[in-house]
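Per this note's numbering: the sequence shown = residues 13 to 515.
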Amino acid sequence: MPLRPGEQTRLGRYELLGRLGQGGMGTVYLGSDDSGRRVAIKMVRPEFADEQEFRGRFRSEVNRAKQVPPFSTAEVLDADPDHDPPYLVVEYVEGPSLQAVIADKGPLSGSALHGVAVGIATALTAIHGAGVIHRDLKPGNVLIAMGGIKVIDFGIARAFEATSAHTRTDQMVGTVAYMAPERFDDAGGRQVGPAADIFAWGAVVAYAATGRTPFAADSAASTAMRILTQPPELSGLPEPLRALVARALAKEPKDRPTARQLLDLLLAGGTGEAGVAALAQEATTVTPRPRRRQRLLLPVAVIVAVLAGMFGARIGMDRSDAGSEPAGDTPVVRPTPSVDPHAEILAGRNLTLLHVDEIDRDLALDVQDPRVRAADGTGNKSLFLLEPVGVDYLVRTLREGVGGPETCLGVRNDPEGSAFLVPAQCKATKATLFSFTAIGKKDDKGRERYTMSNDESGTVLWDPSNRTVIVEVADDWTPNLSVSFVDRGPLSEAAIPSASRPS
Numbered sequence: 013m014p015l016r017p018g019e020q021t022r023l024g025r026y027e028l029l030g031r032l033g034q035g036g037m038g039t040v041y042l043g044s045d046d047s048g049r050r051v052a053i054k055m056v057r058p059e060f061a062d063e064q065e066f067r068g069r070f071r072s073e074v075n076r077a078k079q080v081p082p083f084s085t086a087e088v089l090d091a092d093p094d095h096d097p098p099y100l101v102v103e104y105v106e107g108p109s110l111q112a113v114i115a116d117k118g119p120l121s122g123s124a125l126h127g128v129a130v131g132i133a134t135a136l137t138a139i140h141g142a143g144v145i146h147r148d149l150k151p152g153n154v155l156i157a158m159g160g161i162k163v164i165d166f167g168i169a170r171a172f173e174a175t176s177a178h179t180r181t182d183q184m185v186g187t188v189a190y191m192a193p194e195r196f197d198d199a200g201g202r203q204v205g206p207a208a209d210i211f212a213w214g215a216v217v218a219y220a221a222t223g224r225t226p227f228a229a230d231s232a233a234s235t236a237m238r239i240l241t242q243p244p245e246l247s248g249l250p251e252p253l254r255a256l257v258a259r260a261l262a263k264e265p266k267d268r269p270t271a272r273q274l275l276d277l278l279l280a281g282g283t284g285e286a287g288v289a290a291l292a293q294e295a296t297t298v299t300p301r302p303r304r305r306q307r308l309l310l311p312v313a314v315i316v317a318v319l320a321g322m323f324g325a326r327i328g329m330d331r332s333d334a335g336s337e338p339a340g341d342t343p344v345v346r347p348t349p350s351v352d353p354h355a356e357i358l359a360g361r362n363l364t365l366l367h368v369d370e371i372d373r374d375l376a377l378d379v380q381d382p383r384v385r386a387a388d389g390t391g392n393k394s395l396f397l398l399e400p401v402g403v404d405y406l407v408r409t410l411r412e413g414v415g416g417p418e419t420c421l422g423v424r425n426d427p428e429g430s431a432f433l434v435p436a437q438c439k440a441t442k443a444t445l446f447s448f449t450a451i452g453k454k455d456d457k458g459r460e461r462y463t464m465s466n467d468e469s470g471t472v473l474w475d476p477s478n479r480t481v482i483v484e485v486a487d488d489w490t491p492n493l494s495v496s497f498v499d500r501g502p503l504s505e506a507a508i509p510s511a512s513r514p515s
């Protein structure tokens, strides 16, 4: 992305060439040094820079991160904690994130999956060997470069997480689905160590293999509760990797292997079959122990009250783009089942209308029409099924006709630069994945209203002049279209084409 008007074009000895992304910690720029080498520069948000405590922690963590050898990691090259604001310079890695690859191509298998598992374990071995803990390992921080896997954004999260004035209960650094149980149990005095990264490794590898996280639920609060109390869902993971992932996802940090052990097992005979099989005997179904349950009550209650209440209802926020752009620092939160009446819709079990509140009509997909229109909500052309894919959704229809029996909503860009909602094949790609964001308002029936967005093309809007639905980037103004879910009951197996039925 180009620099915005008024943004500085130099930072110390670095020329700023464009923006790579922005998150809760700051803005990341593409830059070049005096020799012309391209680098990624993370500029810290000014409100953090106002605290001397933060600057001290930032300096300390940067010095630690500089000691990490560049083995499957993006090398930390430079930093200026005393600059206003502070900044960090790291190796620029050209390549998509693991999150983007899975969204575009689907789950990995065979040597590709094994390579990801080995690459991340190699990076953690280097990171932990330097006395650093990543604290924010997730698919968006794993880049697929020409030379192999590169893990980014390691170590620096602690400087942000430990700064008192900016560490609120609703701003814990990390994405909930990849956070170890001890990350939620500060009240119990549990220390967060390298084992937390091993847990994240297991969750990331499970996601790479299946396209879903091992403790997936309908909200961040429910996901956290499953992490604390339930065994992981690992169906679809091949053996012997599955056994090693299960061991990495153990509730107790002491029961997880180290990064070095992970790497040795993965490299032994290609997939470490014998070693992983031995570990499988130790990995048992995890049930909360009676003596531990009382200690979990406080964290679970806090998670439910804080995550569900203070984060708000945001669906599909964890967007991971190409290059060295880190994913946003805000945890992914879906509407909480206990307070959201549409949990069955969001879980892909109930059909729904997508009611456009501004015009009191419903989105309709007719496979004979090249664009999605607004209709009266009658017939199956207005019935949709939201199928969770990672943190986003495929929006399936009951209509047949696009490349076979499967038809979903998608985005098509025309040569004039406009984008429209159209019928598309039901394959998880950048053009067919959508997120829904609650706007804090309800329709006349008391139903929550959401904006609907596609990460690649923008927000779904209403074009009143042509009475059609369009998709545009809406950065600086309020979208003129919001949808509410109108529950049409459980999915009937007979009502949807067989190829479109979720497995």
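We put the CB at the ideal spot given by N, CA and C, even for glycine. Remember, predicted model here, so these are calculated numbers, not experimental data.
Extent of the continuous beta strand (DSSP E) run through residue i
{"i": "P400", "result": "F396 to V401"}
{"i": "L89", "result": "V88 to D92"}
{"i": "T364", "result": "N362 to V368"}
{"i": "S47", "result": "First-last for S47: undefined, no H or E at that position."}
{"i": "F539", "result": "There is simply no residue 539 to check, as the chain begins at 13 and stops at 515 in what is shown."}
{"i": "G501", "result": "V495 to P502"}
{"i": "S72", "result": "Careful: S72 lies outside any beta strand (DSSP E), inside the alpha helix (DSSP H) at Q64 to A77."}
{"i": "L100", "result": "Y99 to E103"}
{"i": "V163", "result": "G160 to V163"}
{"i": "L375", "result": "R373 to A376"}
{"i": "N518", "result": "As shown, the chain starts at 13 and ends at 515. That puts residue 518 outside it, with no answer to give."}
{"i": "V423", "result": "C420 to N425"}
{"i": "E144", "result": "The sequence shown places Val at residue 144, rather than the Glu named in the question. It is not in any beta strand (DSSP E) - V144 carries neither H nor E in the DSSP assignment."}
Classification of residue i by the beta-carbon crowding that lies within 10 angstroms, buried from 16 upward
{"i": "N466", "result": "buried"}
{"i": "Q111", "result": "buried"}
{"i": "E73", "result": "buried"}
{"i": "G131", "result": "buried"}
{"i": "A262", "result": "buried"}
{"i": "N425", "result": "exposed"}
{"i": "G18", "result": "exposed"}
{"i": "E251", "result": "exposed"}
{"i": "N478", "result": "exposed"}
{"i": "D404", "result": "buried"}
{"i": "D456", "result": "exposed"}
{"i": "T21", "result": "exposed"}
{"i": "N153", "result": "buried"}
{"i": "D197", "result": "buried"}
heavy atom of the ligand ATP below 7 Å from residue i C-beta
{"i": "G38", "result": "Among the components modelled here there is no ligand, and therefore nothing to report on the ligand ATP."}
Segment limits, alpha helix (DSSP H) that includes residue i
{"i": "F448", "result": "Premise fails: F448 lies in the beta strand (DSSP E), L445 to K454, not in any alpha helix (DSSP H)."}
{"i": "Q111", "result": "L110 to K117"}
{"i": "M237", "result": "A232 to T241"}
{"i": "L136", "result": "G122 to G141"}
{"i": "E356", "result": "A355 to L358"}
is_contact[residue i, chain C] using C-beta, thresh 8 Å
{"i": "A207", "result": "No chain C appears in this structure, which consists of one protein chain only."}
Beta-carbon contacts of residue i that lie in its chain and below 7 Å, excluding the five residues immediately before and after
{"i": "L120", "result": "V128, A220 and A221"}
{"i": "I371", "result": "A386 and W474"}
{"i": "Q273", "result": "none"}
{"i": "R16", "result": "none"}
{"i": "G118", "result": "G223 and A440"}
{"i": "N492", "result": "E370, L473 and W474"}
Residues near residue i in its chain [Cβ-Cβ closer than 8 Å; skip 5 each side]
{"i": "R25", "result": "D45 and D46"}
{"i": "P97", "result": "G38, M55, V56, R57, P58, F60 and A61"}
{"i": "A208", "result": "I145, R147, M191, A192, E194, R195 and P265"}
{"i": "T364", "result": "H354, I357, L395, F396, L397, L398, F497, V498, D499 and R500"}
{"i": "V204", "result": "I145, R147, A192, E194 and R195"}
{"i": "A135", "result": "F83, S84, T85, I161, K162, V163 and F166"}
{"i": "T225", "result": "A189, Y190, A215, A218, Y219, T235 and G402"}
Rounded distance between the beta-carbons of residue j and residue i, thought under 8 Å
{"i": "R268", "j": "F227", "result": "Not confirmed; about 15 Å, so no contact."}
{"i": "G107", "j": "A157", "result": "4 Å"}
{"i": "T137", "j": "A271", "result": "4 Å"}
{"i": "L12", "j": "N392", "result": "The structure shown has nothing for residue 12, since the chain only spans 13 to 515."}
Proximal residues to residue i (C-beta, below 6 Å), its chain only, five neighbours per side dropped
{"i": "V423", "result": "A431, A443, N466, S469 and V483"}
{"i": "H354", "result": "F497"}
{"i": "V105", "result": "A86, L155, A157, K162 and S336"}
{"i": "D475", "result": "I482"}
{"i": "L375", "result": "L366 and V384"}
{"i": "A229", "result": "T235 and R238"}
{"i": "V101", "result": "V51, I53, L89 and D90"}
{"i": "K453", "result": "R461"}
{"i": "K150", "result": "T187 and Y190"}
- Item | Ranges of the alpha helix (DSSP H) found wholly within the region 201 to 280, counting only runs of at least 4 | 206 to 222, 232 to 241, 253 to 260 and 271 to 279, all fully within the region 201 to 280.
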